[in-house]
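Trainee: Next up is a structure, given as structure tokens.
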Amino acid sequence: MKVGKMMFGFFKKKENEPKKRSIKEEKVLSPEATEKIQSEITQLNQEISTTQEKPKLAELYEQVGLKFSELYENDQAIQYLEKSLENKQTIGDGYKKLMSLYNQKRADAARAGDDQGIDYYMGKMDEMRQIAKQVTIKGNK
2 MKVGKMMFGF FKKKENEPKK RSIKEEKVLS PEATEKIQSE ITQLNQEIST
52 TQEKPKLAEL YEQVGLKFSE LYENDQAIQY LEKSLENKQT IGDGYKKLMS
102 LYNQKRADAA RAGDDQGIDY YMGKMDEMRQ IAKQVTIKGN K
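In our numbering, the protein residues as written are 2 to 142.
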């Protein structure tokens, strides 16, 4: 082996490495699938209008939020998932999806150079971490 020749090529740039995509491609739902989800949302909203107990409301809001997420209506999803956590703090699927949506919004703000947006969604993610701490300490009941 010659001195100065790199044996392993640690510092070589990989030539055929595919470039990473920074924007996720959204899958397109069929009209039938979209209609089915919208129908489920309507049914859940009717149930919400007749429900009084907070744990049940939290569950229903979470389900609606997750359905809106399936439709890629992220602002609506965030709205319902936040209502769910207002009624009952849990760290289930709705919590995870909301954290993911906040992170996505933060990344969008970063790409747009929106410092206020970055700060806002970082704050929201911090609030979510506090919820996780509280739920973990008192138990996910």
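Idealized CB from N, CA, C, for every residue including glycine.
Do L102 and I132 have their C-beta atoms closer together than 8 angstroms?
Mentor: no
Trainee: DSSP three-state call for Q131: helix, strand or coil?
Mentor: helix
Trainee: Quick one: using the 10 Å Cβ neighbour count with 16 as the cut-off for buried, is V29 buried or exposed?
Mentor: Exposed is the call here.
Trainee: What residue range is occupied by the uninterrupted alpha helix (DSSP H) comprising G81?
Mentor: The residue asked about is misnamed: residue 81 is Tyr in this sequence, not Gly. Segment 75–88, the alpha helix (DSSP H) holding Y81.
Trainee: Short of 6 angstroms in beta carbon distance, which residues of its chain neighbour V65, apart from the five on each side in sequence? Order them along the chain.
Mentor: I42, L45, Y81
Trainee: So the alpha helix (DSSP H) T43 belongs to, where does it begin and stop?
Mentor: 32–50
Trainee: Beta-carbon within less than 7 angstroms of L61's beta-carbon, same chain only, minus the 5 sequence neighbours each way: which residues are those?
Mentor: L45, E48, I49, T52
Trainee: Any idea what DSSP makes of Q117, helix, strand or coil?
Mentor: helix
Trainee: Look at the alpha carbon of R22 and the alpha carbon of A111, and state the distance between them as a whole number of angstroms.
Mentor: Because R22 carries a pLDDT of 45, less than 50, the predicted location of this residue cannot be relied on, and the following value inherits that uncertainty. Cα to Cα, the separation comes out at about 15 angstroms.
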